[in-house]
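Please read the structure below before turning to the comments.
Residue numbers (UniProt numbering): 1 to 170.
Take a look at the structure:
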């Protein structure tokens, strides 16, 4: 099997009425800017949550996006339940769609998601372990104040801990 579906890519499920939309184009631009390939599939009559879940399950990278009714974009990870998306937002601007696309790619690459506040803990007088804990605590506080599901909060916390730990080692 050597089809496009077999290549590592973020899958995007699109409700048919959005297949030529500016939001979809911007979402794809965000992925392209981060250098990640994507695969589109179009379906009629499915909500964005269902499209995102199907996309995440099908994607070799375990990340899927759904776009559909009322300009809703849903970002989903394969290990989260269908009703527990990583991120869900009704988008009112092209710029937001582009950032969501970029953030989907950054998740795959293990990079921090845009929009989360990161202080400069790395030049602190604190010991490495203290800097790590302080940075993680601040990020977790910001995440918990958002509208993410508990599973997403845990995933982000673990990801941030990994990223910050690796940064401090270097």
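Even glycine gets a Cβ: it sits at the ideal position worked out from N, Cα and C.
Owing to the predicted nature of the structure, the values given are computational and were not obtained by experimental measurement.
- Runs of the beta strand (DSSP E) lying entirely within the stretch 14-55 and spanning at least 3 residues, in chain order: 38-43.
- Uninterrupted beta strand (DSSP E) stretches at least 3 residues long and entirely within the stretch 59-84 occur at 63-68 and 72-77, given in chain order.
- Within the same chain, Cβ atoms closer than 7 Å to the Cβ of residue 47 are found at 68 and 69, the five residues on either side in sequence being excluded.
- If you ignore the 5 residues before and after residue 8, its C-beta comes within less than 6 Å of the C-beta of 60 and 61, all in its own chain and listed in chain order.
- Residue 72 sits close to residue 90, with the two beta carbons spaced by under 8 Å.
- Of all alpha-carbon atoms in 42, 34, 56 and 28, the one lying nearest the alpha-carbon of residue 83 is that of 56.
- DSSP places residue 95 inside the alpha helix (DSSP H), whose first and last residues are 94-109.
- In the structure shown, residue 113 adopts coil according to DSSP, grouped into three states.
- In the DSSP assignment, the residues bridged to residue 12 are 40 and 65.
- Within the model, the alpha-carbon separation for residue 22 versus residue 39 is close to 17 Å.
- Rounded to whole angstroms, the separation of the alpha carbons of residue 107 and residue 35 is 13 Å.
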